[in-house]
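As they're listed, the protein sequences go chains S and Y. Numbering of the first sequence is given in numbering that gives the first Met the number 0, commencing with residue 0 and proceeding in unit increments. Numbering of the second sequence is given in numbering that gives the first Met the number 0, commencing with residue 0 and proceeding in unit increments.
Protein chains: 2
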Amino acid sequence: MKSGLGIGALAKATGTKPETIRFYEQIGILPEPARTAGNYRTYGTEHLRRLSFVRRARDLGFPLDVVRAMLALADQPDRPCGEVDDLVLGQLREVERKITDLQRLRDELDRLAHQCRRGGRMADCRIIEALSPQNADMERRP
Amino acid sequence: MKSGLGIGALAKATGTKPETIRFYEQIGILPEPARTAGNYRTYGTEHLRRLSFVRRARDLGFPLDVVRAMLALADQPDRPCGEVDDLVLGQLREVERKITDLQRLRDELDRLAHQCRRGGRMADCRIIEALSPQNADMERRP
DNA sequence: ATGGACCCTCTAGCAACTGCAGGGTCAAGG
DNA sequence: CCTTGACCCTGCAGTTGCTAGAGGGTCCAT
Numbered sequence: 000m001k002s003g004l005g006i007g008a009l010a011k012a013t014g015t016k017p018e019t020i021r022f023y024e025q026i027g028i029l030p031e032p033a034r035t036a037g038n039y040r041t042y043g044t045e046h047l048r049r050l051s052f053v054r055r056a057r058d059l060g061f062p063l064d065v066v067r068a069m070l071a072l073a074d075q076p077d078r079p080c081g082e083v084d085d086l087v088l089g090q091l092r093e094v095e096r097k098i099t100d101l102q103r104l105r106d107e108l109d110r111l112a113h114q115c116r117r118g119g120r121m122a123d124c125r126i127i128e129a130l131s132p133q134n135a136d137m138e139r140r141p
Numbered sequence: 000m001k002s003g004l005g006i007g008a009l010a011k012a013t014g015t016k017p018e019t020i021r022f023y024e025q026i027g028i029l030p031e032p033a034r035t036a037g038n039y040r041t042y043g044t045e046h047l048r049r050l051s052f053v054r055r056a057r058d059l060g061f062p063l064d065v066v067r068a069m070l071a072l073a074d075q076p077d078r079p080c081g082e083v084d085d086l087v088l089g090q091l092r093e094v095e096r097k098i099t100d101l102q103r104l105r106d107e108l109d110r111l112a113h114q115c116r117r118g119g120r121m122a123d124c125r126i127i128e129a130l131s132p133q134n135a136d137m138e139r140r141p
C-alpha cells in the first residue's frame with residue numbers, strides 16, 4: 000500500500016498529461032507498468048525517475064529518439080559517459096544553429112515591417128510586394 | 000503555346016516540389032489550375048506569383064494559416080495595408096520570443112555539457128544526474 | 001512502337017503529442 | 001445499497017506542413 004501512483008498522480012508529479020504518458024508507453028519510452036485488479040496502471044519511483052528525465056530532456060529540446068538513446072545509455076552503467084556528452088553537444092550545436100537562423104529571420108522581418116506606411120491600401124502594399132521576390136524580375140525579362 | 004507551365008516547371012521555378020504544389024491546391028492555398036486534354040495541370044503567371052509569395056512567406060516562418068490570411072488580404076486591394084503589417088509584426092514578436100527561449104536553452108545546455116569529465120562511466124555521469132532533477136536531490140540524500 | 005520522363009489520384013507516414021467517443025472502476029455521500 | 005462524479009481504460013482521428021509511395025496514364029523523341 001506504500002507506493003503505486005495512478006496515472007493521474009504520475010502526470011501531476013511530472014507536469015505531463017495522462018495521454019502523453021500512455022503515448023510514451025506505446026512508443027516504448029516508458030516500460031509497461033503493473034496493473035491493478037481493475038486494469039489501472041500503477042507506477043513506482045523508477046517510473047517517476049524515468050519520466051522526469053524524459054520531460055526534462057524534452058524541455059531542453061531533445062527529440063524523442065535522442066531521449067531514447069540517452070535512456071539506453073543510462074541503462075548500461077559501464078558504458079563511457081562521453082557518449083551522452085556527445086548527444087548534449089549535438090543538441091547544443093543544433094540550438095546554436097537555430098538561434099543564428101532566427102536572428103537572420105528577425106532582421107528580415109524587421110526590414111519588412113518598415114516597408115508599410117500605415118494607412119495605405121493593399122493595392123500599394125510594399126510588404127506583399129517584398130514577399131513576391133523573383134517574379135517581378137523574372138517575368139519582365141524574356 | 001505561349002504560357003502554361005506544367006507542374007514540374009512551376010516547381011522548378013519556385014523551388015518547390017510538385018507534391019507540395021498539389022498539397023497547396025488541396026488545402027486551398029493555390030486555386031485549381033486549368034487542365035490539358037490529358038488532365039495535366041497548367042499554370043499561368045498568376046499562379047507563379049502566388050506560389051512565390053507563399054514560399055517566401057514560409058521561408059520567413061509564417062505558418063500556412065497566416066499565409067492564407069495574407070493572401071486573402073492581398074486579394075482585396077482596397078483594404079488597409081496595416082492589417083498585413085500587423086501579421087508581420089506578430090511574426091516578428093514570435094521570432095523574438097523564440098530567440099530568447101533558445102538562448103536560455105543554450106545556456107543550460109552549455110552548463111550541462113561542462114558536467115561531463117570525459118572518460119567517466121555512465122554509472123557516475125553527471126549529465127544524466129543533472130537531467131533527473133528532483134530525484135537527484137531526493138534520493139541521493141539518505 | 002517503345003522508352004523514359006513526366007503526370008495523375010489516393011493513401012500513408014513523419015514528430016510529438018492532443019482530444020474524443022464509448023465504455024469501465026472506485027470511493028464517498030445520501 | 002445505490003448513485004454520483006472523478007478517475008481510468010482502449011482505440012482512433014486530428015494537428016502542421018509537407019514527403020513518399022503505389023499503381024496507373026500521357027507525352028514526346030527516336
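Ideal placement from N, C-alpha and C gives every residue a C-beta, glycine not left out.
Counting C-beta pairs with one atom in each stretch, the stretch 38-46 of chain Y and the stretch 69-88 of chain Y have fewer than three that are closer than 8 Å, which means they do not touch.
Sorting S:17, S:79, S:88, S:59 by C-alpha distance to the C-alpha of residue 101 of chain Y places S:59 at the top.
For residue 94 of chain Y, the closest of S:128, S:5, S:104, S:114 by C-alpha to C-alpha distance is S:104. Per DSSP, the continuous alpha helix (DSSP H) segment holding residue 19 of chain S begins and ends at 17-25. A straight-line Cα-Cα distance of about 12 Å links residue 114 of chain S and residue 88 of chain Y.
In the three-state scheme derived from DSSP, where H, G and I count as helix and E and B as strand, residue 41 of chain Y is classed as strand. Using a Cβ-Cβ cut-off of 9 Å, residue 59 of chain S is close to 104, 107, 108, 111, 130 of chain Y, given in chain order. For residue 61 of chain Y, the CB contacts under 8 Å within the same chain, skipping 5 residues up- and downstream, are 69, 86, 90 in chain order. The alpha carbon of residue 78 of chain Y has as its nearest neighbour, out of S:97, S:124, S:54, the alpha carbon of S:124. Close partners of residue 95 of chain Y in chain S (Cβ separation under 7 Å): 105. If you draw a straight line from the Cα of residue 52 of chain Y to the Cα of residue 66 of chain Y, it comes to about 9 Å. Under the Cβ criterion of 8 Å, residue 101 of chain Y is counted among the residues facing chain S. Contact between residue 108 of chain Y and residue 55 of chain S does not hold, since the beta-carbon distance rounds to 12 Å and is not under 8 Å.
Within the stretch 57-138 of chain S, the runs of alpha helix (DSSP H) at least 4 residues long that lie entirely inside it are, in chain order, 63-73, 81-112, 125-129, 132-137. Under DSSP, residue 54 of chain S shares a beta bridge with no residue. In the three-state DSSP reduction, residue 36 of chain Y falls in the coil class, being neither helix nor strand. Counting the other CB atoms within 10 Å of its CB gives residue 126 of chain Y a total of 16 or more, which places it among the buried residues.
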